[in-house]
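In the UniProt record's numbering, the protein residues as written are 1 to 440.
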């Protein structure tokens, strides 16, 4: 059981319907309030259909960190778990009543795109994750497991199989994985050259593959909830990975019921979410989406039609869904104005894309947003009605006490981008658990 949090002011369930109408959102403020502690960021929020009361609305976003340890000494090792270092990492970032979403967890070995990512497809992986969950709960926090299948981004070096994808659609051009072919050691680092993904084209998933993959998610979700004690699970449905590959018209070329139409593109994620809700409870499932993303060559069209249908169907079929998590369309961070306009036109979108339509569809389902938030642009997100909670990633890596620093105006420590992912095994702690908390 999670220790109770201190008495708090009245709680909002999902968005506050007394706030300004959806059509009148204000842009996030770049100015912190005079008294940060009074910000709506630090007010309670119910998720999980009222089952969980968060004490604040700063969520630790899911982040791949590649710090797992091999379960076997065989070469290549294809199964990874957490040891005490991972326990320390999550414990450091726990706050009473706060929510952590884990790094993406592979629900099956076939989901793997990189080494050192702790999975949850074997009984031997349960103890490491249970230790993480127990540590978070002991500090009064909540933790959801993000389940992640990389789809066509998987490499046979890490899975032993050809990658699976809705269609046999290879990557275009010189797109490369950061990891070099590991030979007989799947934990080897990249050699600086990367690996050309088009050299390893995916196979089109059969109906048996689809059903088997959904069952793998279910098995992993049950391990997460029943064996490890996670408070819920989040499906990674964005960033160009398997779920988004089904949603992307330039990748999903199927002509059967899993493609070809708006309903077809949405069929796999909807079936997956519905089966998971039946298995562990609708109030324990959530999904993360990036409807305007371009990651991993997900350049498909019909964005508004497809993702709107997906959201409406999720709202109808899983009304108790714990929350929905969106990645902001921050094109200006990755391209110039001309490129942005060209991409939006190719996707059939106007220049002023936003998450507002999805916010309106989801109504009172708790609405999380993520995307480049920091101590300058986070302050008006809740008050404007744009979202119910903000998830932050990069600054949580370098500020284990991020919530404290935001609340009390302490300077944020800069993160080390080159320490985000795979690192030499004997220096795993650097850039992971060695950031100090503020002394103020």
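All residues carry an ideal CB built from backbone N, CA and C; glycine is no exception.
The model shown is predicted, which means the values in this text are computed figures rather than measured ones.
Can you tell me where the alpha helix (DSSP H) with residue i in it begins and where it stops?
i: residue 213; result: 207-222
i: residue 304; result: 303-317
i: residue 159; result: 156-159
i: residue 273; result: 262-280
i: residue 246; result: 242-247
i: residue 402; result: 402-408
How is the beta strand (DSSP E) around residue i delimited, first residue to last?
i: residue 104; result: 99-105
i: residue 42; result: Where residue 42 is concerned, there is no enclosing beta strand (DSSP E), given that its DSSP letter is neither H nor E.
i: residue 289; result: 285-289
i: residue 326; result: 323-327
i: residue 234; result: 232-236
i: residue 54; result: 52-54
i: residue 60; result: 58-60
Would you decide whether residue i is buried or exposed? Buried here means 16 or more other CB atoms lie within 10 Å of its CB.
i: residue 397; result: buried
i: residue 345; result: exposed
i: residue 56; result: buried
i: residue 135; result: buried
i: residue 225; result: buried
i: residue 409; result: exposed
i: residue 125; result: buried
i: residue 27; result: Because the pLDDT at residue 27 is just 41, under 50, the model does not fix this residue reliably, and the value given afterwards should be weighed accordingly. By the 10 Å Cβ count, residue 27 comes out exposed.
i: residue 7; result: Bear in mind that a pLDDT of 32 at residue 7, under 50, signals an unreliable position, so the number given afterwards is only what the model happens to contain. With fewer than 16 Cβ atoms within 10 Å of its Cβ, residue 7 is classed as exposed.
i: residue 72; result: exposed
i: residue 380; result: buried
i: residue 103; result: buried
i: residue 441; result: Because the chain spans 1 through 440 in this model, residue 441 falls outside it and cannot be assessed.
i: residue 186; result: Since pLDDT at residue 186 reaches only 41, below the 50 mark, its modelled position is unreliable, and no value is offered.
i: residue 352; result: exposed
i: residue 399; result: buried
i: residue 65; result: buried
Is there a Cβ of chain C sitting closer than 8 Å to that of residue i, yes or no?
i: residue 355; result: Among the protein chains of the structure shown there is no chain C, as only one such chain exists.
Are the beta-carbon atoms belonging to residue i and residue j less than 8 Å from one another?
i: residue 421; j: residue 395; result: no
i: residue 145; j: residue 154; result: no
i: residue 165; j: residue 204; result: yes
i: residue 293; j: residue 259; result: no
i: residue 295; j: residue 240; result: yes
i: residue 378; j: residue 355; result: no
i: residue 48; j: residue 322; result: yes
i: residue 198; j: residue 230; result: no
i: residue 94; j: residue 101; result: no
i: residue 308; j: residue 270; result: no
i: residue 233; j: residue 274; result: no
i: residue 149; j: residue 111; result: yes
i: residue 79; j: residue 120; result: no
i: residue 83; j: residue 128; result: yes
i: residue 327; j: residue 362; result: no
Out of curiosity, what's the CA-to-CA distance linking residue i and residue j?
i: residue 132; j: residue 91; result: 7 Å
i: residue 261; j: residue 301; result: 12 Å
i: residue 243; j: residue 158; result: 20 Å
i: residue 86; j: residue 440; result: 26 Å
i: residue 432; j: residue 227; result: 26 Å
i: residue 218; j: residue 280; result: 8 Å
i: residue 288; j: residue 424; result: 30 Å
i: residue 74; j: residue 411; result: 45 Å
i: residue 247; j: residue 438; result: 43 Å
i: residue 223; j: residue 58; result: 27 Å
i: residue 216; j: residue 200; result: 23 Å
i: residue 405; j: residue 167; result: 46 Å
i: residue 209; j: residue 109; result: 14 Å
i: residue 194; j: residue 393; result: 25 Å
i: residue 316; j: residue 357; result: 16 Å
i: residue 147; j: residue 98; result: 20 Å
i: residue 330; j: residue 106; result: 27 Å
i: residue 188; j: residue 61; result: Annotation note: pLDDT 44 at residue 188 (below 50); position unreliable, coordinate value reported separately. Going by the C-alpha atoms only, they are around 27 Å apart.
i: residue 81; j: residue 364; result: 36 Å
i: residue 116; j: residue 130; result: 18 Å
i: residue 44; j: residue 403; result: 14 Å
i: residue 51; j: residue 37; result: 25 Å
i: residue 383; j: residue 407; result: 16 Å
i: residue 35; j: residue 143; result: 29 Å
i: residue 249; j: residue 299; result: 8 Å
i: residue 284; j: residue 140; result: 18 Å
i: residue 428; j: residue 436; result: 16 Å
i: residue 156; j: residue 77; result: 12 Å
i: residue 68; j: residue 350; result: 42 Å
i: residue 348; j: residue 434; result: 45 Å
Does the ligand ZN have a heavy atom nearer than 7 Å to the CB of residue i?
i: residue 403; result: Among the ligands in the structure shown, none appear at all, so the ligand ZN cannot be discussed.
Problem set entry | Contiguous alpha helix (DSSP H) assignments of at least 4 residues, all confined to the stretch 65-149 | 84-92, 126-138
For this session: Entirely within the stretch 352-395 and at least 3 residues each: give me those beta strand (DSSP E) ranges in chain order.
Result: 367-370, 389-392
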